[in-house]
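Below is one structure, written out as structure tokens; the observations come after it.
Numbering (my numbering), first residue to last: 65 to 331.
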């Protein structure tokens with residue numbers, strides 16, 4: 065198993081409600097992100113077209129979003145479509161854009177019923193007009209919701225985001241709005257796509273691949289990474305809860321020693 069779970073079978077015999085009972089509500093990630101990988105392989109393994117995997121994956125999104133909202137996770141970012149995904153066959157890209165439209169049409173009620181605020185990151189101008197219009201409508205209709213923020217990364221790339229932030233900061237400096245000596249991480253982060261969202265705490269990647277694929281590169285600096293062999297269409301609430309329990313079992317030191325965190329005076 066290419067996973068960071070110390071004992072992948074630890075929670076195997078427990079039901080989802082039993083796993084939920086083990087999750088510490090006071091120690092949830094403030095911001096969790098998921099690289100949803102494996103739709104195509106899931107479909108191929110069943111002799112189905114790739115789009116069938118994407119459709120099944122859309123159902124999993126609903127389950128995961130609902131669970132995260134019920135648990136009280138403040139922000140969830142889903143890597144829905146990367147800048148590199150435009151290189152895929154035109155037919156598959158068109159099908160993915162159609163699924164995005166379908167998702168936005170279907171899930172507005174879920175967002176309203178669960179007090180979820182909808183947001184996006186990425187180059188939205190790349191998307192078809194119908195998708196852009198639905199995105200704007202969904203953002204507008206959910207703007208007053210005060211629960212979890214659901215953030216879709218669409219036509220997104222981490223290097224692009226950092227480059228764009230640098231350009232905007234340079235414009236401010238050229239206009240005399242900020243001195244070069246005042247440029248620090250906080251000043252830079254104002255121009256990131258995720259500005260306003262909590263610090264990223266946990267990143268989950270499905271399908272057994274152990275790479276970050278140009279996703280939230282700046283934000284991932286101190287995030288915990290969790291890799292699982294489960295293909296995204298097979299990813300269940302139990303898988304999500306197991307990832308959260310693994311996250312809660314880790315010691316996050318942020319450069320300090322374990323002794324410092326425990327309050328020991330060991331040199």
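The beta-carbon is built from N, C-alpha and C at its ideal position, and this holds for glycine as well.
Residue pairing from DSSP places residue 145 in a beta bridge opposite 218. 130 is the residue among 130, 147, 152 whose C-alpha sits nearest the C-alpha of residue 179. Taking residue 181 as the centre and dropping the five residues before and after it, the same chain places the C-beta of 206, 209, 213 closer than 6 Å to its C-beta, in chain order. Boundaries of the alpha helix (DSSP H) around residue 170: 154-177. About 6 Å separates the CB atoms of residue 147 and residue 220; that is less than 8 Å, so the two are in contact. Residue environment for residue 315: exposed (fewer than 16 other C-beta atoms within 10 angstroms of its C-beta). Apart from the 5 residues on each side of it in sequence, residue 160 sits with its Cβ closer than 7 Å to the Cβ of 118, 145 in its chain, given in chain order. Here residue 239 is exposed, its C-beta having fewer than 16 other C-beta atoms within 10 Å. In this chain, residue 247 is not harboured by any alpha helix (DSSP H), its DSSP state being neither H nor E.
Note on geometry: alpha-carbon atoms of residue 192 and residue 114 lie some 21 Å from one another. DSSP places residue 181 within a strand segment (E or B) once states are collapsed to three. Residue 245 has its alpha-carbon roughly 42 Å from the corresponding atom of residue 88. C-alpha of residue 293 to C-alpha of residue 241: approximately 48 Å in a straight line.
Counting along the chain, residue 304 sits inside the alpha helix (DSSP H) bounded by residues 301-312.
C-alpha of residue 110 to C-alpha of residue 168: approximately 27 Å in a straight line. Taking a C-beta distance under 9 Å as the contact criterion, residue 267 and residue 139 do not qualify as a contact pair.
Within the same chain, Cβ atoms closer than 7 Å to the Cβ of residue 259 are found at 253, the five residues on either side in sequence being excluded. For residue 121, the closest C-alpha among the options 100, 108, 135 is that of 100.
It is roughly 8 Å from the alpha-carbon of residue 75 to the alpha-carbon of residue 83.
Residues 106 of the same chain have their beta carbon placed closer than 7 Å to that of residue 298, with the five preceding and five following residues left out of the count. For secondary structure counted as the beta strand (DSSP E) over 3 or more consecutive residues, the region 77-151 holds these complete runs in sequence order: 95-99, 139-146.
If you draw a straight line from the Cα of residue 308 to the Cα of residue 90, it is about 12 Å long. Judged by their CB atoms, residue 305 and residue 172 are not nearer to each other than the 9 Å cut-off. When the beta-carbon positions are compared, residue 301 and residue 80 come within less than 9 Å of each other. Beyond the five residues adjoining it in sequence on each side, residue 194 comes within less than 6 Å, by CB distance, of 165 in the same chain, given in chain order.
Secondary structure at residue 75: coil, using DSSP grouped into helix, strand and coil.
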